[in-house]
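Note that our numbering has the sequence shown beginning at 19, numbered continuously upward.
Every residue gets a Cβ at the ideal spot worked out from N, C-alpha and C, and that includes glycine.
Predicted, not measured: the structure shown is a model, and the values here were computed from it.
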Amino acid sequence: MDFRDQLKNLFPDHEEQDFEMPEEQFKQKEPLVCKFEKKGRNGKPVTVVEGWEGSEDDLKKISKKIKTTLGIGGSEKDGTIIIQGDNRDKIMDILKEMGYKTKRVGG
């Protein structure tokens with residue numbers, strides 16, 4: 019007699035139902051840091067978003083959303099997103115719409 023049979027004996031009126039565990043939603047603890055850099059990039063301005071604590075797949079989704087919304091290039095790796103040009107305000111607005119806290123660093 020397995021566990022299900024024992025439960026049926028204890029609770030004969032109970033109907034068994036399928037149950038799915040709800041998927042846990044990721045929450046960012048620290049705000050994402052949005053800063054402007056030109057140093058070490060041959061004078062080309064870029065916006066760097068640092069401080070990502072989630073998975074690389076989620077980072078790629080966020081980066082793709084920013085790049086397609088603004089229509090500009092960029093890349094992502096090791097928890098940072100690098101976007102071409104000085105677009106801190108626009109990127110911070112997009113991240114706030116997605117539900118992330120942001121912090122502006124630099125002038």
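From the options, pick the residue whose C-alpha is nearest to that of residue i; which is it?
{"i": "V51", "options": "K95, T65, K78", "result": "T65"}
{"i": "D96", "options": "I112, K108, L77", "result": "L77"}
{"i": "E74", "options": "G92, G89, N60, I99", "result": "I99"}
{"i": "G124", "options": "Y118, Q46, D107, G117", "result": "D107"}
Tell me, which residues are paired with residue i by DSSP?
{"i": "G92", "result": "I101"}
{"i": "R122", "result": "C52"}
Assuming residue i and residue j make a contact with CB atoms under 8 Å, what is their CB distance in whole Å?
{"i": "I101", "j": "K85", "result": "7 Å"}
{"i": "G69", "j": "E48", "result": "6 Å"}
{"i": "M116", "j": "I80", "result": "7 Å"}
When we look at the beta-carbon of residue i and count the other beta-carbons within 10 Å, is it buried (16 or more) or exposed?
{"i": "V67", "result": "buried"}
{"i": "E41", "result": "exposed"}
Tell me whether residue i sits in a helix, a strand or coil according to DSSP, three-state version.
{"i": "E68", "result": "strand"}
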